[in-house]
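Here is the structure we will look at, set down as structure tokens.
Numbering (the UniProt record's numbering), first residue to last: 1 to 174.
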């Protein structure tokens, strides 16, 4: 408590009250009550002046595991921009995936003559949307991924030894 402040305010309000009584502005009882109120408020102010710093929550160690919820959360937040459209980064990756999958099926996306083959495999709408520069919505990217997924893996001309009769293939599970 700041005693100097309390004494100063008490003396000043006492003098002010005495002057008001002297000039008949207020009666002595009101002047004494005003002085007492001023002293009480000053003491309250002086007593509560020292504030305690706001306590902080204790910091907890966060264990980050690869593939854990932080990676999924970061991936989810990185897909959409502030405008609600899919970000360019995701669009580039889906386009690269489509180009790789089409190349695996023997379609050269750089060749304009192969446009018909790409439309036959992916669909005309998907090819048109993939080649446009318009940022897509989530549903459009889902359509792109569905079309690329329908392509499946590259058709292989060699025979898989596990499908030949008489071969014994053991499946190993972790």
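Beta carbons: idealized from backbone N, C-alpha and C, even for Gly.
Quick caveat, the model's predicted, so the values are computed rather than measured.
Ranked by Cα distance from residue 4, the first of 45, 29 and 21 is 45. Shortest Cα-Cα distance from residue 119 to any of 88, 134 and 102 involves 102. Ranked by how close their Cα comes to the Cα of residue 41, the residues 88, 9 and 100 have 9 in first place. Judged by their CB atoms, residue 94 and residue 145 are nearer to each other than the 9 Å cut-off. DSSP places residue 126 within a helical segment (H, G or I) once states are collapsed to three.
Taking C-alpha positions only, residue 111 is separated from residue 62 by approximately 51 Å. Counting along the chain, no alpha helix (DSSP H) covers residue 86, and no H or E run does either.
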